[in-house]
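Trainee:
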Amino acid sequence: MLDSLLSFFGQGVQMGLVLLIAPAATGLPRLVKARLMRRQGPPLLQGYRDLMKLVRKEAIVAESASWLFRVAPYLIFALTWVAAALVPTFATGLLFSSTGDVIVIIALLGSARFFLALAGMDVGTSFGGIGSSREMMISTLAEPAMLLVVLNMALAAGTTRLPEVADFFVSQPLAIRVSLALALLSLVIVALAENARIPVDNPATHLELTMVHEAMVLEYSGRHLAMIEAASQLKLVLYASLIASLFLPFGIVRVEAGVVAWLGGAAIYLGKIAGAAILLGIWEVSIAKMRVFRVSEFLGGAFIFAFLAILLSFLTQEVLR
Amino acid sequence: MNHAYDVSHFLAGLMLLASFALLYQDRLLAVLRSFALQAIILALAVAWEAWVQDRPHLFITAGLALGLKGLVIPMALHRMIARLGIHRDVEQVVGVGITMLIGLGLTALSLLLILKATSGAPSLAREGLAIALAIILLGLLMMITRRNAFTQIIGFMSIENGLILAATGARGMPLVVEISVAFSVLIALFVFAVFVFRIRERFDTVDVEALESVRGDQ
Amino acid sequence: MSPVVYAVIGIPFASAIVLAVLPGYRLGAALNVVASFAAFLVGLSLLTVTGGADEYFIVDDVNIVFVVLNTLVGFTAALFSASYIGHEIETGRVTPLAVRFYHAMYQVMMGSMSVALLANNIGLLWVGLELSTLITVVMVGLYRTPEAIEAAWKYFILGSVGISLAFFGTILTYLAGQAALGEGANAMSWSLLHANAARLDVSLLNLAFVFLLVGYGTKVGLAPMHAWLPDAHSEGPTPISAVLSGLLLNVALYALLRFKMLIAANPDAMRPGPILIVMGLVSLIFAAFMLYQRRDIKRLFAYSSIEHMGLITFAFGMGGPLANFAGLLHMTMHSLTKSAIFFAVGHVAQAKGTQRIADIRGLSVSHPGLAIGLTLGVLAIAGLPPFGVFMSEFLILTTTFARHPWLALLPAFGLVVAFGALLLRLQSMLFGEPNEPVHEVEASSIPFALHLLIVLIAGLYLPSALVAWFQRAAEFLG
Chain X
2 MLDSLLSFFG QGVQMGLVLL IAPAATGLPR LVKARLMRRQ GPPLLQGYRD LMKLVRKEAI
62 VAESASWLFR VAPYLIFALT WVAAALVPTF ATGLLFSSTG DVIVIIALLG SARFFLALAG
122 MDVGTSFGGI GSSREMMIST LAEPAMLLVV LNMALAAGTT RLPEVADFFV SQPLAIRVSL
182 ALALLSLVIV ALAENARIPV DNPATHLELT MVHEAMVLEY SGRHLAMIEA ASQLKLVLYA
242 SLIASLFLPF GIVRVEAGVV AWLGGAAIYL GKIAGAAILL GIWEVSIAKM RVFRVSEFLG
302 GAFIFAFLAI LLSFLTQEVL R
Chain W
186 MNHAYDVSHF LAGLMLLASF ALLYQDRLLA VLRSFALQAI ILALAVAWEA WVQDRPHLFI
246 TAGLALGLKG LVIPMALHRM IARLGIHRDV EQVVGVGITM LIGLGLTALS LLLILKATSG
306 APSLAREGLA IALAIILLGL LMMITRRNAF TQIIGFMSIE NGLILAATGA RGMPLVVEIS
366 VAFSVLIALF VFAVFVFRIR ERFDTVDVEA LESVRGDQ
Chain P
1199 MSPVVYAVIG IPFASAIVLA VLPGYRLGAA LNVVASFAAF LVGLSLLTVT GGADEYFIVD
1259 DVNIVFVVLN TLVGFTAALF SASYIGHEIE TGRVTPLAVR FYHAMYQVMM GSMSVALLAN
1319 NIGLLWVGLE LSTLITVVMV GLYRTPEAIE AAWKYFILGS VGISLAFFGT ILTYLAGQAA
1379 LGEGANAMSW SLLHANAARL DVSLLNLAFV FLLVGYGTKV GLAPMHAWLP DAHSEGPTPI
1439 SAVLSGLLLN VALYALLRFK MLIAANPDAM RPGPILIVMG LVSLIFAAFM LYQRRDIKRL
1499 FAYSSIEHMG LITFAFGMGG PLANFAGLLH MTMHSLTKSA IFFAVGHVAQ AKGTQRIADI
1559 RGLSVSHPGL AIGLTLGVLA IAGLPPFGVF MSEFLILTTT FARHPWLALL PAFGLVVAFG
1619 ALLLRLQSML FGEPNEPVHE VEASSIPFAL HLLIVLIAGL YLPSALVAWF QRAAEFLG
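Protein chains in written order, with this note's numbering: chain X, 2 to 322; chain W, 186 to 403; chain P, 1199 to 1676.
1) Determine whether the beta carbon atoms of residue 297 of chain X and residue 142 of chain X lie at a separation below 8 angstroms.
2) Can the beta-carbon of residue 158 of chain X be found less than 8 angstroms from the beta-carbon of residue 250 of chain X?
3) Compile a chain-ordered list of the residues in the region 256 to 276 of chain W whose CB is closer than 9 angstroms to at least one CB of chain P.
4) Buried or exposed: which applies to residue 1523 of chain P, given that a residue is buried once 16 or more other Cβ atoms fall within 10 Å of its Cβ?
5) According to a CB-to-CB cut-off of less than 9 angstroms, which residues of the region 1500 to 1534 of chain P neighbour chain W?
6) State the start and end residues of the unbroken alpha helix (DSSP H) segment that holds residue 1422 of chain P.
7) Tell me whether the beta-carbon of residue 1537 of chain P lies closer than 8 angstroms to the beta-carbon of residue 1505 of chain P.
8) How should residue 343 of chain W be labelled, buried or exposed, when 16 other C-beta atoms within 10 angstroms of its C-beta is the threshold for buried?
9) Which residues, taken in chain order from the region 223 to 256 of chain W, show a beta carbon closer than 8 angstroms to some beta carbon of chain X?
10) Give the C-beta separation of residue 1392 of chain P and residue 1463 of chain P to the nearest angstrom, bearing in mind that I take them to be a contact with Cβ-Cβ under 8 angstroms.
11) Need the endpoints of the alpha helix (DSSP H) that residue 1 of chain X sits in, please.
12) Does the structure place the region 231 to 242 of chain W close enough to the region 207 to 221 of chain W that three or more beta carbon pairs sit under 8 angstroms?
13) Quick test of your reading: residue 386 of chain W and residue 332 of chain W, contact by CB under 8 angstroms. State the CB separation rounded to the nearest angstrom.
14) Are the beta-carbon atoms belonging to residue 374 of chain W and residue 261 of chain W less than 8 angstroms from one another?
15) Under 8 angstroms Cβ-Cβ, which residues of chain W neighbour residue 1339 of chain P?
16) If you run the structure through DSSP and keep just helix, strand and coil, what is residue 186 of chain W?
17) Across the region 1486 to 1493 of chain P and the region 1549 to 1560 of chain P, are there enough close Cβ pairs to call them in contact, namely three or more that are closer than 8 angstroms?
18) Using a Cβ-Cβ distance cut-off of 8 angstroms, determine whether residue 1307 of chain P contacts chain W.
19) What does residue 277 of chain W pair with, by DSSP beta-bridge criteria?
20) Rank P/1646, P/1645, P/1649 and P/1581 by C-alpha distance to the C-alpha of residue 1621 of chain P and give the top, closest one.
21) Straight-line CA distance for residue 1550 of chain P to residue 1354 of chain P?
22) Let me know the alpha helix (DSSP H) ranges lying completely inside the region 210 to 289 of chain W, each 4 residues or longer, listed in chain order.
23) In whole angstroms, what is the alpha-carbon distance linking residue 1408 of chain P and residue 1234 of chain P?
24) Can you list, in chain order, the residues of the region 1341 to 1362 of chain P whose Cβ is nearer than 7 angstroms to any Cβ on chain W?
25) Leaving out the 5 sequence neighbours to the left and right, which residues in its chain are closer than 6 angstroms to residue 29 of chain X when beta-carbon positions are compared?
26) Which value, in whole angstroms, describes the spacing of the CA atoms of residue 267 of chain X and residue 223 of chain X?
27) Would you tell me roughly how many angstroms separate the C-alpha atoms of residue 5 of chain X and residue 96 of chain X, rounded to the nearest one?
28) Smallest Cα separation from residue 99 of chain X: which of X/12, X/195 and X/174?
29) Could you tell me the boundaries of the alpha helix (DSSP H) in which residue 1303 of chain P lies?
30) Should residue 223 of chain W be labelled buried (16 or more other beta-carbon atoms within 10 Å of its own) or exposed?
31) Beta-carbon within less than 8 angstroms of residue 1218 of chain P's beta-carbon, same chain only, minus the 5 sequence neighbours each way: which residues are those?
32) Output, in sequence order along the chain, the residues in the region 1376 to 1390 of chain P whose CB is closer than 8 angstroms to any CB in chain W.
33) Does the beta carbon of residue 404 of chain W come closer than 8 angstroms to any beta carbon on chain X?
34) Buried or exposed: which applies to residue 312 of chain W, given that a residue is buried once 16 or more other Cβ atoms fall within 10 Å of its Cβ?
35) Could you list the residues in the region 294 to 306 of chain W with a C-beta less than 8 angstroms from some C-beta on chain X, going in chain order?
Here it is, written out as structure tokens:
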């Protein structure tokens, strides 16, 4: 009884936590980049202030927009938030953990992307079309790689349910595993692509020709834009949590361990996210954005790494049987 | 976790990655660097085997791999490229994407083949053999899909890297064989050097497509 | 191990060093001939040595014949080369400096082939073949024409790939041997492997054989790995074509045979027979048809080599004492006859200044002696009696017919097709009005005559010692 209460409560805490830290998690790379370029940079809380500002503003909708345009932001936000709720952050064994299958998460994110792409094309401007088609191209190349990475972890852990995979990896002793290294590399590349980060897309660009994500949401304003921004921030946190739970699973506690343990787990989790955000900032300062047609090679590389990772882990399994 | 196995697996995996890098590159100097890298990793892998299997003469092989293939041969080839002043891009016969996919297929094939055929052998040997065969096949692929004499020879040298890896995994192969292999690598380089100058002198290019025109009536 | 073995190997390598520093090509050519003759004498004396095997070398019924044959043809080819090269320098096709290295490389090639033939350690066998491959690559490219460079490059690439695959097969064989003989040099010793063949790891052995078949098979010229052969034969200097066809193909096939013996001795391993039969037949029939389209005289006979190697492989695939005997005999006869033909072709090429068949006409009028020689050579290689080649081909066909009548039709068909092509080309070269240019033939005819004489005698009467030998080897081959 207590357990199910704890799992319910814990799930709520997680959902609130990811939503709460999302704007900060996106603001931290921005701050790091600015400081590295010897600028002051926007403070960490700026993300929250921006969201509040957007919510208060009027949402202008183009005349040629359909119902999809109005509904899409909420759909996207909802889908992404649910997906973020399923990825283990500080604890496993939460209420929805049994449904936390990686395939489900990928499907949820895919649906969100689908609606975003449709919304981009909905108003009929050409920039929206460019953004949508580029987004679709990137995801076509990134998803197989992601699936292969997931398959790799699932082969090792024997299940595709993320919380159980995380539990499995927590129990493993530390070892050098080239297949895991390759899988990590592949997943990082996919994460950069999916979150519209350099080198795939520049989140701070104002040039429409270089936009991917920004181009799709060019027509949005007000509370709609706030929802979409929040969704993309959540997505970043989601991917960071995914990488952390698969490759750095230490510190993830069982939900039954009690609220005090949760606090410890949450602290470690926040540390991981902060670390990922800082690394992202440093990375974005060091690398230039790729030309769009080179992105396919980049993501092809991710696919190759993921495939090799599977081959190598298969080899290890067979040989050490 | 089996410490010895982990490190060998790691190094062998890196060598495989280097083979893919060789397949991917389309600039001559980058190809040379990837090859040198593969040779260095090979030297490390052989040295590790020497340590783990307690066979000090393998250190000699590792040293030869490092010295010859990691340093001497890339430098010599670099000097040749500079002297010949050739065009530094390499043309591929099929696109990079297809080449990489074929490479993946070949890797999977060799893993399956070796694992099936060696059910009785010790694990380090099976591992080494499987990845070695993959490296050999990838080197072959590189020789087939490139149209430049230099990349063909580097493909051949990477095949030899794979062979050395295989020989190392096979415990107890006498040193004389390894020395002879190293020696033959030197001779192969010599032969290559002789030829690349002649090709350049006669054809004004090292693109082996140019050789097709004088193929004769078969 | 008897010092004779070391002498057979040591003489060529020592001569190579001397030849590399010796100025003057005439002296070099003479020394080349002397060194080859010395190697031949030492090779002959191997006949008196009792067989045996140590860690590195082996002398047994199988390889002794080949060593003697090798050194003999090496000697006669050196003789031919000595008189041939002078002409080449005069016509400016090759420089004296290049000739100096050519002689040195010739000896290294002979030495490495002897190493391969006498090796017991399978790694050493590989080294010998690899070295001979590399050296012949350089020699094929001697003339530095674009065609020669292309031929040498193609040979280099294909040969190296084949050799690498063969090395992988060697490693696998070693691993298979580990199961029975433990680690170390023992598992690389052919004699020990053969003695313990039944205890070797079967799956590894099978895989090894496949790699070795493809790898060494490339060097034998089996289709579809034959692509280097026509080019290498036609663009290199004629003595090298003779040596390639007459010797190197044989040595590669010998290596293949050693491994065939290993796998045949293991009852659980795959049967090598069917694969060898198929590959042999494919090469035979493919080459026979290709003979019709050839416009270059050396390419014509290069394809003839592929055809004969296919036939020999077919014979060894059939297996059994008679077919093996026939195969061994054919290897010897083909080696002598084909090198004789290339000697004759060398004469023709020098006499007419071209290798194009269309440009060679009226030999019977302008060079009657040469015409007779060429005719005899072609008749011999086409398998007509009373030459030795007829004997071995006849044996192969009859044993195949006795065991699988329908199967015998295929090689017979191939041989007939080849015969037709060869005769057709010969006819066009012999008859008609002689055309310009017409040069004197300067190269010595002795090697050619010697070879053909041996082949003729062998066709009429095989000395019983030789027969007994081949029989023992045939039994051994399994």
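Yeah, the Cβ is synthetic: ideal placement off N, Cα and C, and Gly gets one too.
Mentor: Working from what's here:
1) On the first sequence, residue 297 of chain X is found 296 positions in, with the first residue counted as 1. On the first sequence, residue 142 of chain X is found 141 positions in, with the first residue counted as 1. In contact: residue 297 of chain X and residue 142 of chain X (Cβ atoms closer than 8 angstroms).
2) The residue labelled residue 158 of chain X in the question sits at position 157 within the first sequence. The residue labelled residue 250 of chain X in the question sits at position 249 within the first sequence. No, the pair does not count as a contact, with Cβ atoms beyond the cut-off.
3) none
4) Position 325 of the third sequence, counted from the first residue, corresponds to residue 1523 of chain P. Label assigned to residue 1523 of chain P: buried.
5) none
6) The residue labelled residue 1422 of chain P in the question sits at position 224 within the third sequence. Residue 1422 of chain P -> no alpha helix (DSSP H), and no H or E assigned at all.
7) Taking the first residue of the third sequence as 1, we reach residue 1537 of chain P at position 339. Taking the first residue of the third sequence as 1, we reach residue 1505 of chain P at position 307. No, these two residues do not count as a Cβ contact at 8 angstroms.
8) For the purposes of this step, residue 343 of chain W is identified with residue 158 of the second sequence, where counting begins at 1. Classification of residue 343 of chain W: buried, given that the 10 Å Cβ count is 16 or more.
9) none
10) Reading the third sequence from its first residue, position 194 is the one you call residue 1392 of chain P. Reading the third sequence from its first residue, position 265 is the one you call residue 1463 of chain P. Yes, they are in contact, since the Cβ atoms of residue 1392 of chain P and residue 1463 of chain P sit about 6 angstroms apart, within 8 angstroms.
11) No answer is possible for residue 1 of chain X: it lies beyond the span of chain X, which begins at 2 and ends at 322.
12) no
13) Here residue 386 of chain W corresponds to residue number 201 of the second sequence, with the count starting at 1. Here residue 332 of chain W corresponds to residue number 147 of the second sequence, with the count starting at 1. Incorrect: roughly 19 angstroms between the Cβ atoms, too far for contact.
14) The residue labelled residue 374 of chain W in the question sits at position 189 within the second sequence. The residue labelled residue 261 of chain W in the question sits at position 76 within the second sequence. Yes. Within cutoff.
15) As a working mapping, residue 1339 of chain P is identified with position 141 in the third sequence. By Cβ distance, chain W contributes 379, 380 and 383.
16) For this step, residue 186 of chain W is matched to residue 1 along the second sequence. With a pLDDT of only 45 at residue 186 of chain W, under 50, the local geometry of the prediction cannot be trusted, and no value is derived from it.
17) yes
18) On the third sequence, residue 1307 of chain P is found 109 positions in, with the first residue counted as 1. No - not a single Cβ of chain W is within 8 angstroms of the one on residue 1307 of chain P.
19) Numbered from its first residue, the second sequence carries residue 277 of chain W at position 92. According to DSSP, residue 277 of chain W bridges with W/331.
20) What you label residue 1621 of chain P is simply residue 423 of the third sequence in a count that begins at 1. With respect to the C-alpha of residue 1621 of chain P, the residue from P/1646, P/1645, P/1649 and P/1581 having the closest C-alpha is P/1581.
21) Reading the third sequence from its first residue, position 352 is the one you call residue 1550 of chain P. Reading the third sequence from its first residue, position 156 is the one you call residue 1354 of chain P. Approximately 30 angstroms, taken between the alpha carbons.
22) 213 to 238, 242 to 249 and 258 to 269
23) Here residue 1408 of chain P refers to the residue found at position 210 of the third sequence. Here residue 1234 of chain P refers to the residue found at position 36 of the third sequence. Cα to Cα, residue 1408 of chain P sits roughly 35 angstroms from residue 1234 of chain P.
24) For the region 1341 to 1362 of chain P, which is checked against every Cβ of chain W, the residues closer than 7 angstroms are 1342, 1344, 1345, 1347, 1348, 1350, 1351, 1354, 1355, 1358, 1359 and 1362.
25) Position 28 of the first sequence holds residue 29 of chain X. Closer than 6 angstroms at Cβ, skipping near neighbours: 278.
26) Locating residue 267 of chain X in the first sequence gives position 266, counting from the first residue. Locating residue 223 of chain X in the first sequence gives position 222, counting from the first residue. Cα to Cα, the separation comes out at about 32 angstroms.
27) Taking the first residue of the first sequence as 1, we reach residue 5 of chain X at position 4. Taking the first residue of the first sequence as 1, we reach residue 96 of chain X at position 95. Each residue's Cα considered, the two are about 7 angstroms apart.
28) Locating residue 99 of chain X in the first sequence gives position 98, where the first residue counts as 1. The residue with the shortest Cα to Cα distance from residue 99 of chain X is X/12.
29) As a first step, residue 1303 of chain P is located in the third sequence; it is residue number 105 there, counting from the start. Unbroken alpha helix (DSSP H) run through residue 1303 of chain P: 1294 to 1316.
30) The residue you call residue 223 of chain W lines up with position 38 of the second sequence. In the assembly as shown, residue 223 of chain W is a buried residue. Its beta-carbon has 16 or more other beta-carbons within 10 Å.
31) Counting from 1 along the third sequence, the entry for residue 1218 of chain P is found at position 20. Closer than 8 angstroms at Cβ, skipping near neighbours: 1298, 1299 and 1302.
32) 1376, 1377, 1380, 1381, 1382, 1383, 1385 and 1386
33) With chain W covering 186 to 403 only, the question about residue 404 of chain W has no answer from this structure.
34) As a working note, residue 312 of chain W is residue 127 in the second sequence. Of the other Cβ atoms in all chains shown, 16 or more fall within 10 Å of the Cβ of residue 312 of chain W; this residue is therefore buried.
35) 296 and 300
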